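Student:
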Amino acid sequence: MSKTQRIRHWLLKDHDREEDLSLIKNFSEMEYLTLIGHQFDEITYSDLCDSIVCMPNLKVFSVSQSTGPLNENMIDALTENCANLEYLHLYKFQMENVFLNCLKKFGKLHKLKILNFSSDIINDEVLDEITKGTNQLERLVLGSNTLITVNGICAVLKNCKELVELDISWCKGITKNNIGQIDSFYTALCKDEPERLRNETLKVSYHMGERAQLLGGEQWRWEQRKDRLKQLITGWDVHLETIRKRFQDRFCEEAASEEKDIR
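Take the sequence shown: its letter number 166 is residue 165 in numbering that gives the first Met the number 0, and every next letter is one higher.
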């Protein structure tokens, strides 16, 4: 196996060459892929989709602060080829050209534990369909969605028995008064389905400036679960920093060597 095939963690920022996006299709053992600040067009989308198809072991896929709508081809590439995906992060990513039925395909990612997914196109029906398939979710972030209501959140709670954190900050369709409804609904679920109590606590974060609500348990129980939940993200960050340092060192060595040759 070549060195490129063994690479498992890759970070691409907007200042990286676009050619790098086409190179990652050679990294068949890739587990962590994050893209920050890219301007997607048909060409880069094609490269990205071709690359994802070659990454059956991908566990973490993150796209943030990027422009260009999420298209159906990329959704198909993820949902049909990345069955091991555990963490999907789509932050400030345009989705205006994606049909609702296409978004429901994310429900095929049955191993997802963390989903950070914000877009005004997501409504209660789509959220219900997605979480029926991703019922192993432990953390769900839906910040700034305007179409989701308390009905969608109750559907999430019903579908996801392992959920320990739900972020609905700045969701305009959910008011402070709805938190009481969510609390009552969750309490009733725990009463009817005692197995939910093993989670002890569900943390619900809403509108900036408001304190998070803890449902079904004590604060120390939540802290205990939260530490376990952070392991995947923390490990990912450490790996990214290690890779970044490794490539910085390599480029510095190459630059020094070239300067020496010139002299």
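By construction, the Cβ of each residue, glycine as well, lies at the ideal position given by its N, Cα and C atoms. Values in this document were obtained by computation on a predicted structure and should not be read as measured data.
Classify Thr148 as helix, strand or coil using the three-state DSSP reduction.
Tutor: Correct three-state label for Thr148: coil.
Student: When burial is assigned at 16 or more other CB atoms within 10 Å of the CB, is Asn144 buried or exposed?
Tutor: Label assigned to Asn144: buried.
Student: Does Trp219 pass the burial test, meaning 16 or more other C-beta atoms within 10 Å, or should it be called exposed?
Tutor: Low confidence applies to Trp219: its pLDDT is 36, below 50, so where it sits in the model is not reliable enough to give any reading.
Student: Could you tell me the distance, in whole angstroms, from the CA atom of Cys81 to the CA atom of Glu30?
Tutor: For Cys81 and Glu30, the distance between alpha carbons rounds to 10 Å.
Student: Spatial neighbours of Ala154 within its chain, please: CB distance less than 6 Å, with the 5 preceding and 5 following residues excluded, ordered by chain position.
Tutor: The residues are Asp127.
Student: Would you say Glu164 reaches chain E, if we count a Cβ-Cβ gap shorter than 8 Å as a contact?
Tutor: Although the question refers to chain E, the structure presented lacks it and comprises just one protein chain.
Student: Have a look at the DSSP bridge pairing and note the partners of His88.
Tutor: His88 is bridged to Ser61, Asn115.
Student: Give every residue of the same chain whose Cβ lies closer than 8 Å to the Cβ of Lys131, excluding the five residues on either side of it in the sequence, and list them in chain order.
Tutor: If we look at Lys131 and ignore the five residues flanking it on each side, its Cβ neighbours are Gly106, Asn158.
Student: Count the other CB atoms within 10 Å of the CB of Gly179; is the residue buried (16 or more) or exposed (fewer)?
Tutor: Exposed is the call here.
Student: Give me the Cα-Cα distance between Asn115 and Thr186, rounded to the nearest whole angstrom.
Tutor: Distance between the alpha carbons of Asn115 and Thr186: 25 Å.
Student: Do you know how far the Cα of Cys170 is from the Cα of Met73?
Tutor: Distance between the alpha carbons of Met73 and Cys170 is about 26 Å.
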